[in-house]
Ligand SMILES: Nc1ncnc2c1ncn2[C@@H]1O[C@H](COP(=O)(O)OP(=O)(O)OP(=O)(O)O)[C@@H](O)[C@H]1O
Ligand SMILES: [Mg+2]
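In our numbering, the protein residues as written are 53 to 365.
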């Protein structure tokens with residue numbers, strides 16, 4: 053497959069302090085979608101649960117070969133010595149295991165501990181077009197490391213009651229990291245996973261997320277539909293985008309990758325940290341393609357919740 057020449061060594065983090073919102077499923081599917089678009093991709097599983105490296109099929113191999121992210125950090129092994137080729141063209145991955153849960157305790161007191169992952173990924177930036185980092189659901193040293201290593205950030209979340217809270221919390225934390233540790237970090241926006249437009253509450257919260265996202269600079273990029281095929285694809289270690297490209301969920305991930313990709317081509321070092329990564333026209337174009345996002349006028353908005361959240365910011 054022909055590789056894109058326009059982007060190189062960009063890091064993209066998927067994080068949400070809330071668990072089970074689709075970070076891992078989205079990471080693996082976005083990796084395959086980016087590879088389908090011609091990029092050489094590295095998935096870094098920075099979650100001791102090891103879900104994304106399992107879903108992409110290399111977790112056990114990484115453990116057997118002692119080439120996990122834990123070995124890399126605890127035995128000071130270079131990234132290039134532990135990343136593994138997956139069965140998917142142009143997709144490589146760093147696997148994680150339970151031992152990685154010791155990362156926070158082990159490095160907390162070390163000077164410069166927030167920059168460990170950033171430094172560790174220097175060689176990977178030369179080798180890969182894009183590095184996608186999956187995280188565990190927590191705001192700890194691992195999270196800070198991922199966000200310091202990241203050039204771009206997307207927030208996956210549900211269209212449910214506590215998602216507004218997650219949006220608010222993540223906004224505050226990312227802003228803090230941007231202000232203090234990584235001024236070139238760009239927030240691309242958020243996207244709603246497991247979305248079912250036939251559920252009224254999902255439509256209502258999608259509206260609320262869109263409004264709040266606009267206010268805090270985390271624009272809604274789109275929705276990924278609920279799909280019964282996900283558990284099987286995870287168990288079969290075969291991300292849906294790869295195996296079942298015609299399903300609506302695969303199309304949604306491909307659309308998301310296509311939306312994100314042109315933004316990553318921009319030279320991040322040349323852009324002011326305060327400039328939003330996504331311009332209005334790109335967003336408008338994507339929203340038009342998306343089609344299933346209800347218009348603000350038509351849908352009821354849980355305004356009480358929304359106002360409360362906005363004042364909290
Ligand atoms: N679009 C979807 N449709 C149906 N099920 C989904 C979808 N996306 C994710 N899931 C399921 O939801 C659960 C959580 O997904 P996932 O593991 O990706 O979340 P996570 O945010 O990475 O979780 P954690 O915080 O524990 O790392 C999994 O069982 C997964 O199979
Ligand atoms: Mg996960």
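Glycine included, every Cβ here is placed at the ideal spot set by N, Cα and C.
Taking the Cα positions, residue 194 is about 33 Å away from residue 297.
Taking residue 190 as the centre and dropping the five residues before and after it, the same chain places the C-beta of 69 closer than 8 Å to its C-beta, in chain order. Inclusion of residue 147 and residue 174 in the CB contact set at 8 Å is not warranted, their separation being larger than that value. Around residue 159, the same chain offers 165, 168 and 193 as residues with beta carbons nearer than 7 Å, after the five sequence neighbours per side are excluded. Looking at the backbone, the Cα of residue 139 and that of residue 289 are separated by about 10 Å. If one requires a minimum length of 3 residues, the beta strand (DSSP E) runs lying completely within the stretch 231-288 are 238-247 and 272-277, in chain order.
A Cβ-Cβ separation of about 11 Å leaves residue 79 out of contact with residue 94 under the 8 Å criterion. Under DSSP, residue 98 shares a beta bridge with 187. Ligand 1 has no heavy atom closer than 7 Å to the beta-carbon of residue 291. Shown here, residue 90 sits in coil according to DSSP, grouped into three states, outside any helix or strand.
In terms of Cβ geometry, residue 261 and residue 277 do not form a close pair [threshold 8 Å]. Minimum Cα-Cα distance from residue 61 among the listed residues 99, 255 and 178 corresponds to 178.
In this chain, the alpha helix (DSSP H) harbouring residue 314 covers 300-316. In the DSSP assignment, residue 145 falls within the beta strand (DSSP E) that extends over 143-146.
If you look at residue 65, you'll find it isn't in any alpha helix (DSSP H); it sits in the beta strand (DSSP E) that goes 62-66. Contact residues of ligand 1 (beta-carbon closer than 6 Å to any heavy atom; chain order) are 71, 72, 73, 74, 75, 76, 77, 99, 101, 103, 188, 189, 245, 246, 276, 278, 279, 282, 283, 286 and 301. A Cβ-Cβ contact shorter than 8 Å links residue 208 with residue 245. Not one heavy atom of ligand 2 sits closer than 7 Å to the Cβ of residue 192. DSSP lists 147 as the beta-bridge partner residues of residue 120.
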